[in-house]
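Novice: Which chain is which? The protein sequence lines are A, B and C, in order. Here the first sequence is numbered in the working numbering, starting from 1 and rising by one per residue. Here the second sequence is numbered in the working numbering, starting from 1001 and rising by one per residue. Here the third sequence is numbered in the working numbering, starting from 2001 and rising by one per residue. From the three backbone atoms N, C-alpha and C, an ideal C-beta is built for every residue, glycine too. Since the structure is predicted, the reported quantities are computational estimates derived from the model, not experimental observations.
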Amino acid sequence: MNDKIVTLGHGAGGEAMRRLIRDLFLRYFDSPELAKLADAALLTSNGSRMAFTTDSYVVKPLEFPGGDIGRLCICGTVNDLAVMGAWPQYLSIGLIIEEGLDLRLLERIVASAADTANLAGVKIVTGDTKVVTRGECDGLFINTAGIGACPLGRGLSEQPIEPGDAILVSGTLGDHGVAILNARASLGLDAAVVSDCAPLNGLIAHLLHGPPTVKWMRDPTRGGAASVLIELVDSQSFGVLIREEDIPVKAEVLAVCEILGFDPLHLASEGKVVIVAKGEDARMALQLLKQHPLGRDAAIIGEVTSDGAGAVRLQTASGGMRRLLRPTGELLPRIC
Amino acid sequence: MCLALPMKLLSRSGDWGIGEIGGVRRQVMLTLTPEANVGQYVIVHTGYAIEILDEDEAERTMDLLDKIGAMES
Amino acid sequence: MRKVANEIKRLRIDRPIRLMEVCGGHTEAIYRFALRDLLPDWIELTSGPGCPVCVTPNGFIDHAVALARLSGVTIATFGDLVRVPGSTQSLAQIRARGGDVRVFYSPMDALYWTRQHPERTVVFLGIGFETTACTIAAVVQECARDGPANFRMLSALKTMPCALAALLSAPDVHIDGLILPGHVTTVTGMADFQFIAHRFAVPCVVSGFEPLDLMETILMLCRQINEGRAKVENQYLRVVRSEGNLHAQKAISRVFKSCDMEWRGFGSISLSGLSLADEFSYLDATHIQVEVEPIREHPGCRCGEVLRGVCRPDDCALFATACTPEEPCGACMVSSEGACAAVYHFAPVADER
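1. Thinking C:C2054 and C:C2332 are a contact (beta carbons under 8 Å), I'd like their distance in whole angstroms, please.
2. Hey, would you say C:L2283 sits closer than 8 Å to C:F2256, going by beta carbons?
3. Please decide whether C:A2096 counts as near chain A, where near means a Cβ-Cβ distance under 8 Å.
4. Which value, in whole angstroms, describes the spacing of the CA atoms of B:G1074 and B:L1010?
5. What does C:Y2105 touch in chain A if you count any residue whose Cβ is under 8 Å from its own?
6. Work out the CA separation of C:G2182 and C:M2261 for me, nearest whole Å.
7. Assuming C:A2230 contacts C:A2191 under a Cβ cut-off of 8 Å, what Cβ separation, rounded to an integer in Å, is found between them?
8. For the structure I just gave you, are there three or more beta carbon pairs, one from the stretch 2063-2079 of chain C and one from the stretch 2323-2330 of chain C, closer than 8 Å?
9. Taking 7 Å as the cut-off, is the CB of C:G2128 close to at least one heavy atom of the ligand GDP?
10. Of the choices A:A120, A:R243 and A:T116, whose alpha-carbon is the least far from that of A:I300?
11. Counting only beta-carbon atoms, is B:G1023 nearer than 8 Å to chain A?
12. Give me the Cβ distance between A:G279 and A:E303, rounded to the nearest whole Å; I'm assuming they're in contact under 8 Å.
13. Given that A:L254 touches chain B, what residues does it touch there, using C-beta distances under 8 Å?
14. Can you pull out the residues from the stretch 2237-2269 of chain C whose beta carbon lies closer than 7 Å to at least one beta carbon of chain B?
15. State whether the stretch 140-153 of chain A contacts the stretch 197-214 of chain A, with contact taken as three or more CB pairs (one from each stretch) at a distance under 8 Å.
16. Excluding sequence positions up to five away, which residues of its chain have a Cβ less than 8 Å from the Cβ of C:R2238?
17. Are the CB atoms of A:L91 and A:A198 within a distance shorter than 8 Å?
18. Go through its chain and collect everything with a Cβ distance to A:I259's Cβ below 8 Å, but skip five positions before and after it.
19. When the Cα of C:L2274 is compared with those of C:A2137, C:G2079, C:C2023 and C:R2120, which residue comes out closest?
20. If you count every other CB in all the chains shown that lies within 10 Å of the CB of A:L103, and 16 or more means buried, which is it?
21. To the nearest angstrom, how far is it from the Cα of A:A309 to the Cα of A:I230?
22. At least one CB of chain B closer than 8 Å to the CB of C:T2077: is that the case?
23. What first and last residue would you give for the alpha helix (DSSP H) that runs through C:R2069?
24. Compute the beta-carbon to beta-carbon distance between B:Y1048 and C:T2135, rounded to the nearest angstrom, for a pair I have assumed lies under 8 Å.
25. Hey, how far is the Cα of A:L81 from the Cα of C:V2082?
26. How is A:D219 classed by DSSP in three states: helix, strand or coil?
27. What runs of the alpha helix (DSSP H), each 4 residues or longer, lie entirely inside the stretch 271-304 of chain A?
28. What is the DSSP secondary structure of C:F2319, reduced to helix, strand or coil?
29. Quick check: is the beta carbon of C:A2133 nearer than 8 Å to any beta carbon in chain B?
30. Assign A:Y28 to one of two classes, buried (16 or more other C-beta atoms within 10 Å of its C-beta) or exposed (fewer than that).
31. Using a 10 Å radius around the Cβ and a threshold of 16 neighbouring Cβ atoms, would you call C:R2002 buried or exposed?
32. Taking the alpha helix (DSSP H) that B:E1037 falls in, what are its first and last residues?
33. Tell me the DSSP secondary structure of C:F2246 in three-state form.
34. Is the CB of B:G1047 under 8 Å away from at least one CB in chain C?
35. DSSP beta-bridge partners for C:C2204?
36. Between A:V273 and A:D219, which are expected to be in contact by the criterion C-beta below 8 Å, what is the C-beta distance as a whole number of angstroms?
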């Protein structure tokens, strides 16, 4: 690595972060489970299969349209378990609080986390609290870790991903990213977009209890749908083709992206899932998603292809073809 | 950086107004287009309206291009 | 769109022609909408010095970085500039080391922020062509009228006509038609560009930014070439008036005066830049004492040639190897309007090297 200090780019979910993980963390934390770099680690203990994950939340501002860091810290971890085909059960929560934080704000956040945990059907079973001097962390940072049993429903299929498989999304992309942008007053934007922050285990259970063969899922948080799709094809013998006109994006999200020069495929969603299902099951998977309140805007957005291996291609609305790349640098710091 | 977008002027108050595009609103400075009226579309660059969109012209462009298509066949 | 594409093909010009656009917005649109796929192969579309970030040399970034090092100074900038590498550092890197660098969408937002932070000296980095110059001029006038006293500006603002003259005079540059920037001409009007048709006999068309606009523009240029005409025509009629925006022009002429300006790829072009007029010169950030490192170009970087349209981005040895959007060597790879970035992001997958 030729970087000498950590920069915001290292946390952006793009290339720089991947390099940091690969060249520093994986080098020292040498475990086969970690090396998979999945959203959650799949483990076996005493014959039981389970999933284990952790996430830290540094979102700014702490409260935003559609949610707050309390809701987010539960959803993020629950979703990381659910997309790995696990049934989220128990969470830990660790808070690092800045001296001076308003206690009523803290209570609102804690209440929100509790409500969200109830909604998701998970229990918070252990926690930790630290308080640091004013100025040493920005308001509040939270870490949650979660475990859950595998499988959820019929779980994820062991069948390998192959050309002809369908790519679906459970709803509109980029809502959370734009809600945060909106809440950052310095940009002066006023868009009626709220964060889509939601626990997805109910939606995913609905899908995985049904007949479709679901091979792979990820939630497109920081780095957006582009990042998860690129992760999907990385070093694989297949590629992905998605169609711009089929991707569900709210008009306001598109407008904000146009004004600020962002790509909605690079913006975070916190209540959506990207799914790879067997080609012939696509319509059925879509139907199942749409039956659930969190999947009303679900859509089939593309497919796995045999050509363009290792790349994600986007067919533009005007018929051209371009390559989708990870976002570079820090689009928007402290987004989740 | 050359980026300038058409926004609909929803309201104005002296030198500034509120512009809207795709449901998103932002303050727009009207210093460079003092004749802009509420309801018109303005081209906005870095928070400033730099011109008023001529809607007749916009329609005409679309019509003309349709006619090229008709000539084809 | 196919209809317009077919019209173009029907013109059957019997030699290869090269059309150049000189506006970052056009560069991006052409790649984003993959317009080349719709055009016959006797039309070559090339990019010129249309990206204001790209044509700003390392020295400006170095100056901004040096100012960012001063305690009490806040650099206020448009987003595009933050990751552009200078001789040794970018603004993003100096920010990681403690420099106060803030991004603003509008210079007015920067002025508001400055009012709220009287303890900081805020230096606004003035980058852009005439389109941006008029908005900065408006803000400077506001500042002169109502303060605050802690606002300064560092100008690298540029004007297009002199640069286009330099481009067309360059011996290694050969252009059959020019796609003129739609928003620069919104401000300046068309008169400033008549010399291109008269002096250089190159057909010009002012273009909008939708794919249909660009296709119609290319059709209009091809028709001129076919008929042996050289005129300045306007495709972007819904926005551009032939006289331009007089209020904007007045703001520019009151606040700025023409000066010689350094352009990456062209060296110094006389009277192609804007600096603060005497009445406003107290706002000039060059008065702030600071030591700027000696300028150093990245070895192997061919941004200058790319900007003159004589080198394609993928002909540069650093392209996609040492120079990527994640780790750029030169400005053309950083800005979303840079030719190198456009090729990197939008080049068809089939072209993979």
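Specialist: To lay it out plainly:
1. Sure, about 5 Å apart at Cβ, within 8 Å.
2. In this structure, C:L2283 keeps its C-beta atom at 8 Å or more from the C-beta atom of C:F2256.
3. Chain A, which has a Cβ nearer than 8 Å to the Cβ of C:A2096, makes this yes.
4. Nothing in the structure corresponds to residue 1074 of chain B, since chain B is present only between 1001 and 1073.
5. Ordered by position in chain A, the residues that pass the 8 Å Cβ test against C:Y2105 are L187, G188, I259 and L260.
6. Going from the Cα of C:M2261 to the Cα of C:G2182 covers about 23 Å.
7. About 16 Å separates the beta carbon of C:A2230 from that of C:A2191, a gap too long to meet the 8 Å contact definition.
8. Look at the beta carbons and you see the stretch 2063-2079 of chain C not touching the stretch 2323-2330 of chain C: under three pairs across the two are nearer than 8 Å.
9. This structure simply doesn't include the ligand GDP, nor any ligand for that matter.
10. The shortest C-alpha separation from A:I300 is found at A:R243.
11. For B:G1023, the answer is yes, since a Cβ of chain A falls inside 8 Å of its Cβ.
12. About 7 Å separates the CB atoms of A:G279 and A:E303; that is less than 8 Å, so the two are in contact.
13. The answer, in chain order, is G1022.
14. Taking 7 Å as the Cβ-Cβ cut-off against chain B, the residues of the stretch 2237-2269 of chain C that qualify are L2237, R2238, V2239, N2245, H2247, A2248 and A2251.
15. At 8 Å Cβ cutoff, the stretches touch.
16. Excluding sequence positions up to five before and after C:R2238, its CB lies within less than 8 Å of the CB of G2208, all in the same chain and listed in chain order.
17. No; because the gap between Cβ atoms is not below 8 Å, this pair is not in contact.
18. So the list reads L189, once near-sequence residues are dropped.
19. Of C:A2137, C:G2079, C:C2023 and C:R2120, the residue nearest in Cα terms is C:A2137.
20. If you draw a 10 Å sphere on the C-beta of A:L103, you find fewer than 16 other C-beta atoms in it, and that means exposed.
21. Answer to the nearest angstrom: the Cα atoms are 11 Å apart.
22. No - not a single Cβ of chain B is within 8 Å of the one on C:T2077.
23. According to the DSSP assignment, C:R2069 belongs to the alpha helix (DSSP H) that extends over N2058 to R2069.
24. Rounded, the Cβ-Cβ distance is 4 Å, consistent with contact.
25. A:L81 and C:V2082 have their C-alpha atoms spaced approximately 37 Å apart.
26. A:D219: coil per DSSP, three-state reduction.
27. DSSP assignment within the stretch 271-304 of chain A yields the following whole alpha helix (DSSP H) runs of 4 residues or more, N-terminal first: 282-291.
28. It is a strand residue.
29. Taking Cβ atoms only, chain B never reaches closer than 8 Å to C:A2133, which makes this a no.
30. With fewer than 16 other Cβ atoms within 10 Å, it is exposed.
31. Its Cβ having fewer than 16 others within 10 Å, C:R2002 is exposed.
32. Going by the sequence as given, residue 1037 of chain B is Asn instead of Glu. Taken as a continuous stretch (DSSP letters only), B:N1037 belongs to no alpha helix (DSSP H), as it is neither H nor E.
33. Phe is not the amino acid found at residue 2246 of chain C; the sequence shown has Leu there. C:L2246 falls in the helix class under three-state DSSP.
34. Interface criterion met: the Cβ of B:G1047 is under 8 Å from a Cβ in chain C.
35. Beta-bridge pairing by DSSP links C:C2204 to C:L2178 and C:V2232.
36. Sure, about 5 Å apart at Cβ, within 8 Å.
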